[in-house]
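Asks: Take a look at this one; I'll ask things after.
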Amino acid sequence: MSLWIKICGNTSLEDARLAVEAGADAVGFVFAPSPRRVTVAEVAAIGSHLPATVEKIGVFVDAQLEEIYSTVRAAGLTGVQLHWEAGPELPAKLRARLGPELRILRVAHFDAGAGKLIKRRIAGHARNPHVDAVLVDSRTASAVGGTGATFDWAEARKTAFGGAGTLRLIAAGGLDPENVAEAIATLRPWGVDVVSGVESAPGKKDPEKVREFVARARAAFP
């Protein structure tokens, strides 16, 4: 098994192609309020120039079923990231409408001292047959993603990542080329996700950082 790598928060074809050429498995596009927010038309245009083998994941926050469905179809997405505490029925509805090929990711925000709570949330996602993986992320008072802040990996290893069973967990939150190897060694995740850690400015990727992040993540995963 190889490490799954997603470069998220892409806003241009140039940056999406950079991620693909660096060796990422997936590119992410944010459809929620953010400096990295993109439109359906923009993503459709970008995606048409990317290899069919790369996953195109749309990130949604507080979105309704119809909005997600129409965005996936119009933008040519291969997966969705439900980046909020959506009800457990939403993945099933998306699966029914969009088929088994759609990658469905949930999120679990790691809050300090709330190890038992996140463990219960992850266990709930693990029981849902329509959830493919869970992204464990940090958050701040003003942002639920792309914060550039890490969480306590040692605590997360014992709680969130220690009791996930066969559920695929993706490490996110404050990762960058300098710390991704340590995060992988500590957490042993199925995948990693990065946004601000490979940017030169919000919404603009730094080529050197993107390439270094992917290379170091691959090298850290035996």
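Under my numbering, the first residue of the sequence shown is numbered 16, with each subsequent residue one higher. A virtual CB, placed ideally from N, CA and C, is assigned to each residue, including glycine. Since this is a predicted model, take the numbers as computed values, not measurements.
Which residue marks the beginning of the alpha helix (DSSP H) containing S85, and which one marks its end?
Replies: Unbroken alpha helix (DSSP H) run through S85: L80 to A90.
Asks: Cα-Cα, which of I119, P50, R142 and W168 is closest to W99?
Replies: With distances taken between Cα atoms, W99 lies closest to I119.
Asks: Could you give the first and the last residue of the continuous alpha helix (DSSP H) run that contains F46?
Replies: Looking at the DSSP string, F46 is not in any alpha helix (DSSP H), and its letter there is neither H nor E.
Asks: Of all the alpha helix (DSSP H) runs that stay within the bounds of the stretch 179-213, which reach a length of 4 or more residues?
Replies: Runs found: 195-202.
Asks: According to DSSP, what are the bridge partners of F166?
Replies: For F166, which the question treats as bridged, DSSP gives no partner whatsoever.
Asks: Quick one: complete alpha helix (DSSP H) runs, 4+ long, within the stretch 103-132?
Replies: Runs of the alpha helix (DSSP H) inside the stretch 103-132: 104-113.
Asks: Are the Cβ atoms of G101 and A175 separated by less than 8 Å?
Replies: Note on residue identity: the sequence assigns Ala, not Gly, to residue 101. No, the pair does not count as a contact, with Cβ atoms beyond the cut-off.
Asks: Taking only three categories from DSSP, how would you classify L28?
Replies: Helix.
Asks: Reducing DSSP to helix, strand and coil, say where L33 ends up.
Replies: The answer is helix: DSSP assigns L33 an H, G or I state.
Asks: Please list, in chain order, all residues of the same chain as L182 whose beta carbon is under 7 Å from its beta carbon, the five residues on each side excluded.
Replies: Correct list, in chain order: I137, H140, A141 and V149.
Asks: Below 8 Å, how does it come out for the stretch 223-236 and the stretch 33-46: are there three or more Cβ pairs, yes or no?
Replies: Because the criterion of three Cβ pairs below 8 Å is met, the stretch 223-236 and the stretch 33-46 touch.
Asks: Do A37 and F75 come within 8 Å of each other at the CB atom, strictly closer than that value?
Replies: No, the pair does not count as a contact, with Cβ atoms beyond the cut-off.
Asks: List the endpoints of the continuous beta strand (DSSP E) containing F75.
Replies: F75 -> beta strand (DSSP E) spans E70 to F75.
Asks: I need the boundaries of the beta strand (DSSP E) containing A148, first residue and last residue.
Replies: It spans A148 to D152 - the beta strand (DSSP E) in which A148 sits, taken as one unbroken run.
Asks: Pull up the CB-CB distance for A169 and G188, whole angstroms please, since I reckon it's below 8 Å.
Replies: 14 Å between Cβ atoms; not a contact.
Asks: Thinking C-beta only, is V53 closer than 8 Å to T26?
Replies: Closer than 8 Å, so yes.
Asks: Apart from the five residues on each side of it in sequence, which residues of its chain come closer than 7 Å, Cβ to Cβ, to K108?
Replies: Here the set comprises L80.
Asks: In chain order, what residues of the same chain have a beta carbon less than 6 Å from the beta carbon of P115, not counting five sequence neighbours either side?
Replies: Closer than 6 Å at the Cβ level, and outside the excluded window around P115, lies no residue.
Asks: Please identify the residue among S17, C23 and M16 whose C-alpha is closest to the C-alpha of E214.
Replies: The candidate whose alpha carbon is nearest that of E214 is C23.
Asks: I'd like the span of the beta strand (DSSP E) that includes V95, first residue to last.
Replies: Start and end: G94 to L97.
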